[in-house]
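Encoded as C-alpha cells, the structure appears first; notes follow it.
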Amino acid sequence: MTNANQPEPQQNIPSEGVLKTNSTTINTVNIRSGPSLNRSIVHQGQEGDKVKVLDQTKPAGDTYAWYKVKYGSERDDLGWVREDVIEITYTNPSPASTLILFATNSKTVRIYSEDGEIYMNVYDNRAEKTELYAVEAARLPKVDPEDKWKSYVAIKDNSAYYVRFIPFGEVDFIINNATNGNILLQEKGFRASGSEYQTN
Numbered sequence: 068m069t070n071a072n073q074p075e076p077q078q079n080i081p082s083e084g085v086l087k088t089n090s091t092t093i094n095t096v097n098i099r100s101g102p103s104l105n106r107s108i109v110h111q112g113q114e115g116d117k118v119k120v121l122d123q124t125k126p127a128g129d130t131y132a133w134y135k136v137k138y139g140s141e142r143d144d145l146g147w148v149r150e151d152v153i154e155i156t157y158t159n160p161s162p163a164s165t166l167i168l169f170a171t172n173s174k175t176v177r178i179y180s181e182d183g184e185i186y187m188n189v190y191d192n193r194a195e196k197t198e199l200y201a202v203e204a205a206r207l208p209k210v211d212p213e214d215k216w217k218s219y220v221a222i223k224d225n226s227a228y229y230v231r232f233i234p235f236g237e238v239d240f241i242i243n244n245a246t247n248g249n250i251l252l253q254e255k256g257f258r259a260s261g262s263e264y265q266t267n
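If you're matching positions, the sequence shown starts at 68 in our numbering and goes up one per residue.
Right, dumping it as C-alpha cells:
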C-alpha cells in the first residue's frame with residue numbers, strides 16, 4: 068500500500084570511513100572497545116587507514132557520535148571511534164541487491180543481499196540516525212504454502228525487527244522485545260520497491 072503524500076524513502080548510511088587524526092603531532096587513531104573515551108584501546112590505526120562502518124550511536128551526555136568499525140580481516144577486529152577521527156563515506160546498497168526498500172511514518176527500511184548473505188538497515192527518520200546497519204537478517208519459512216506473505220527478521224540489542232510483505236501489496240514493519248515479545252513499534256510501509264517486492 069502506498070501513500071502518495073509521503074516522500075520517496077531515502078537512506079544515507081555510512082558504510083566506509085577513513086581514519087584521520089585530530090592532533091598535529093600524532094598520526095595514530097585510538098580504536099576503543101566501546102563508544103567512550105573511558106573504554107580500553109583495542110587497536111591503534113594509522114591516519115588514512117580505511118575501515119568498514121558497522122553501526123553508529125550517540126551516547127547520552129556525549130556531544131560526539133561514535134562509529135563501530137571493522138579495521139582488519141579477523142572476525143574480532145572491531146572497535147569504536149569518535150566522529151572527529153573518521154571521515155565517513157555515505158553509500159547505499161545497489162538497487163540490484165535491494166530485496167525491499169520502504170518507508171514508514173518514522174523509519175526507512177532496506178533488506179538487501181550481499182555476497183550470499185541477507186542484511187537489514189533501519190534508519191530513524193525523526194532522530195536522523197542509523198538504528199541498524201548491515202545486521203544479518205533471516206528469511207522466515209512459510210508455514211502455509213498458499214500464504215502470500217514474505218517475512219524477514221533481524222535481531223539487535225534484544226529487539227527483533229520484522230518485515231513482512233505481499234509482493235506489489237501490503238508491507239508491515241514491527242519491532243518487538245526479543246525476550247518477552249512486547250511490541251515496541253508497529254507501522255505500515257509505503258512507497259515500497261525492490262526485486263522481491265516487485266516479483267510475485
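By construction, the Cβ of each residue, glycine as well, lies at the ideal position given by its N, Cα and C atoms. As the structure is a computational prediction, the values presented were derived from the model and not from experiment.
Membership of I93 in any beta strand (DSSP E) is not indicated, and neither H nor E is assigned to it by DSSP. When DSSP states are grouped into helix, strand and coil, D191 belongs to the strand group. Three or more Cβ pairs closer than 8 angstroms define a contact, and the stretch 241–250 falls short of that threshold against the stretch 145–157.
In the three-state scheme derived from DSSP, where H, G and I count as helix and E and B as strand, S140 is classed as coil. Under the three-pair Cβ rule at 8 angstroms, the stretch 188–200 counts as touching the stretch 121–141. Secondary structure of E237 (DSSP, three-state): coil. Distance from the Cα of N159 is smallest, within the candidate group R177, V210, S173, for R177.
Cα atoms of F240 and L166: separation of roughly 15 angstroms, rounded to the nearest angstrom. For N267, the closest C-alpha among the options Y179, I233, Q253 is that of I233. Here R99 is bridged, per DSSP, to I108, W147. Around the beta carbon of D116, a 10 Å sphere encloses 16 or more other beta carbons of the protein chains shown; the residue is thus reported as buried. Secondary structure of A205 (DSSP, three-state): strand.
E254 is the residue among S262, E83, E263, E254 whose C-alpha sits nearest the C-alpha of A170. For Y131, no beta strand (DSSP E) encloses it, and the DSSP letter there is neither H nor E. With fewer than 16 other beta carbons inside 10 angstroms of its own, K209 counts as exposed. In this structure, I222 is the residue among I222, P162, R193, E213 with its C-alpha nearest to the C-alpha of A205.
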